[in-house]
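See structure below.
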């Protein structure tokens, strides 16, 4: 039975993947909060880099999910190839499922897999980025359906029911009246199909009657790391066959330049012939890294790289060459001429055919990545990585992880390939009359290739970053201040998310870093002695010619996600009020095909971010928990986080006295700011309208004088931004308080010794301070 969670990771992942934290269970919820289940949820938001992707054609169809049919969707791994060509949703022949999450613009991929049709729709109508660099993120490739009974056994939540209109296109129950939604253990929503909904007469609550027939729509997935291992497997099977070489290509150019060599001399004349061809080695990616400003950025935990190679070995062609040899014959004979005997010598030449020949055999060949080293100018330790399994090189020593030995800084990662060929040559001459001979010799030849990429290592836990969070716990809302101290650039202490749990509501402050997977190949060439074939790369589970991919960096903006409650539903509203900029991050160069408008906008990292959080269930005396993570999906130590929550106290602002002036509009007015027990609140600024002063500050008795400058007086106290020197934080009262002010004629009425009559000041407070209503000075207070 399949659970709401995705498929497990490979044995390699279980051994070498770092221990994941609480982040996995909340990251996607943080990114995707559903406000109305009837609408799609919205997400809140030497290496040669590819510069175009003209061969990555778009997809024009997304199949509609069919309950009970576990369709395999081709192309969902385009999520890791965002430099493909995107199309408008209007091109689609069918509509994706109701669990659709993405709307045709850059969107975030969370830690939990989405349904396969939604993944395909997301990647073909827009680009999909990650907010951290864990390779454990799943990519869905096949629809999966589990019964509601199985779903609940696996940790699914009870169903919720939402009425739908007659013209709605969302999946509904059998009656067509309800959309039925449940959530997995990480509170991700999933649609229930074929449900029979009825109202329980005992509880008057809606329930699902057919638990064993109702189906929950989910997906089978493969992690990013499993995809990398599949790529490795496909290329390694070709590198074991020396009769052909598979060469990665991008728009007609070799991704990793090939070389030929290992030549042997050709008998019977000048010339040599190569025995090794199309040899290449490439670092296809650095594990859990991103390309950023001409370097791979990774952390010093689980350091490693994926290394691929291939080559072709062959013996020179056999040959025969017909020629001839010359033989000179001398014949001596004696003749008698008259009485004289003479010796006559005759010389003549004959040409006889002969054949020069040569035969070559490739006795053996092999290719070995002899070294993968990570060298840095300031690093003098062991720079060699170990091949932990085929094609995967790790910073280990006898099973011990040495990643932490590589201190933060700049390095160069180099992979070296050694190709060896052994060729036996035999040659000679055959002839019936000429001299014949046979000779032989064995040749062993070696060709060495290397490939290097720049790597920048940073601390895995962003130890150079300090985070300070202060929450001023109010009656209706919570003023929240987040402050940073340290280098927040991706090459420094790159944080990813700061999660704040205030009472029952959770929201997060998210960094601007966006990581897009891009394809490094558009096709491959399969080369042999006789011919060459070209195959386009693909992005499908189990494919034969998978694209080589890696990750590039874009910058968005620091943002605050919508809050969610313990049930996964809407948890509150954030209103940003003030920021202090630490630095501006320039845009990065993205490959053609990756479209992110935010990358071209000014991006700021902050020293201070302040705003107002209005929870769904407002109350005071709440608890505060703060957790922070890095872009490498590791937790920033609690020692680097200072979290404080201060409970607010109510305040009251009243008109305590007036002194008549020459007319109604120039009276002197005494304002008094106190706590609910009447104790003065000193040294607080009161904002005024309708007075000669724009602001006044309370004295040690909590009082301040001002003079009217019109028929109305509006007074407001904004509340404390931070706790005062006495450790107390004040806000206003939540109900209006009216105060009559006397006329110049001296008539005295009202509760303050009967002298306050005509000018009314009413003050009411919200979380970010006291709201002030006003009344004309010429009227009676009829509300008292």
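In this note's numbering, the protein residues as written are 33 to 816. For every residue, glycine included, the Cβ atom is placed at its ideal position computed from N, Cα and C.
Same chain, Cβ closer than 6 Å to residue i, five either side skipped, listed in chain order
| i | result |
| --- | --- |
| residue 513 | 502 and 642 |
| residue 488 | 327, 329, 442 and 523 |
| residue 104 | 174 |
| residue 352 | 387 and 389 |
| residue 291 | 311 and 481 |
| residue 614 | 637, 638 and 639 |
| residue 531 | 540 and 659 |
| residue 806 | Because residue 806 carries a pLDDT of 37, less than 50, the predicted location of this residue cannot be relied on, and the following value inherits that uncertainty. Same-chain partners within the cutoff: 744 and 746. |
| residue 155 | 110 and 111 |
Per DSSP, cross-strand counterpart(s) of residue i
| i | result |
| --- | --- |
| residue 438 | Residue 438 pairs with nothing; no bridge assigned. |
| residue 487 | 328 and 443 |
| residue 218 | Partner(s): none; residue 218 has no beta bridge. |
| residue 473 | 457 |
| residue 393 | 456 |
| residue 498 | 517 |
| residue 737 | 702 |
| residue 689 | 702 |
| residue 558 | 278 and 565 |
| residue 238 | 231 |
| residue 286 | 281 |
| residue 6 | It is not possible to answer for residue 6, since the shown part of the chain is limited to 33 through 816. |
| residue 762 | 681 |
| residue 676 | 502 |
Where residue i falls: helix, strand or coil (DSSP)
| i | result |
| --- | --- |
| residue 577 | coil |
| residue 711 | coil |
| residue 300 | coil |
| residue 174 | strand |
| residue 148 | helix |
| residue 681 | strand |
| residue 261 | helix |
| residue 536 | coil |
| residue 617 | strand |
| residue 603 | strand |
| residue 185 | helix |
| residue 109 | helix |
| residue 368 | strand |
| residue 543 | coil |
| residue 376 | strand |
| residue 308 | strand |
| residue 268 | helix |
| residue 548 | strand |
| residue 256 | helix |
| residue 608 | strand |
| residue 317 | strand |
Same chain only: Cβ atoms within 8 Å of residue i, ignoring 5 sequence neighbours per side
| i | result |
| --- | --- |
| residue 631 | 546, 586, 587, 588, 619, 620 and 622 |
| residue 192 | 69, 212, 213 and 214 |
| residue 519 | 496, 497 and 525 |
| residue 181 | 243 and 244 |
| residue 722 | 740, 741, 742, 743, 744, 745, 746 and 806 |
| residue 726 | 719 and 720 |
Nearest-angstrom beta carbon gap, residue j and residue i [assumed within contact, 8 Å]
| i | j | result |
| --- | --- | --- |
| residue 457 | residue 404 | Actually they are not in contact, since the Cβ atoms of residue 457 and residue 404 sit about 35 Å apart, beyond 8 Å. |
| residue 475 | residue 451 | Not a contact, Cβ separation roughly 14 Å. |
| residue 682 | residue 763 | 7 Å |
| residue 392 | residue 348 | 5 Å |
| residue 343 | residue 427 | 27 Å between Cβ atoms; not a contact. |
| residue 500 | residue 752 | That belief does not hold up - the Cβ atoms of residue 500 and residue 752 are roughly 17 Å apart, past 8 Å. |
Cutoff 7 Å; reference residue i; Cβ partners in own chain excluding five residues on either side
| i | result |
| --- | --- |
| residue 176 | 34, 102, 250, 251 and 252 |
| residue 262 | 578 |
| residue 616 | 634, 635 and 636 |
| residue 358 | 381 and 383 |
| residue 195 | 209 and 210 |
| residue 415 | 405, 406 and 407 |
Heavy atom of the ligand COA within 7 Å of residue i beta-carbon
| i | result |
| --- | --- |
| residue 381 | As presented, the structure is devoid of all ligands, the ligand COA included, so that no description of it is given. |
Short CB-CB distance (under 8 Å) between residue i and chain D
| i | result |
| --- | --- |
| residue 185 | Checking the listed chains, one finds no chain D in this structure; it contains a single protein chain. |
Next item on the list: Could you tell me whether the region 273-292 touches the region 223-231, where touching means 3 or more Cβ pairs closer than 8 Å?
Entry: Too few Cβ pairs lie closer than 8 Å, so no.
Margin query: Within 8 Å, do at least three Cβ pairs link the region 708-724 to the region 633-649?
Written below: The region 633-649 vs the region 708-724: no contact.
Item checked: Contact the region 302-316 vs the region 333-352: 3+ CB pairs below 8 Å -> Yes: at least three Cβ pairs fall under 8 Å.
Next item on the list: Could you say if the region 181-197 and the region 158-165 meet the contact criterion of at least three C-beta pairs nearer than 8 Å?
Entry: Segments in contact, no.
Notebook entry, point to check: Using 8 Å as the threshold, is the region 266-278 in touch with the region 548-561, meaning 3 or more CB pairs across them?
Noted result: Yes, the region 266-278 touches the region 548-561.
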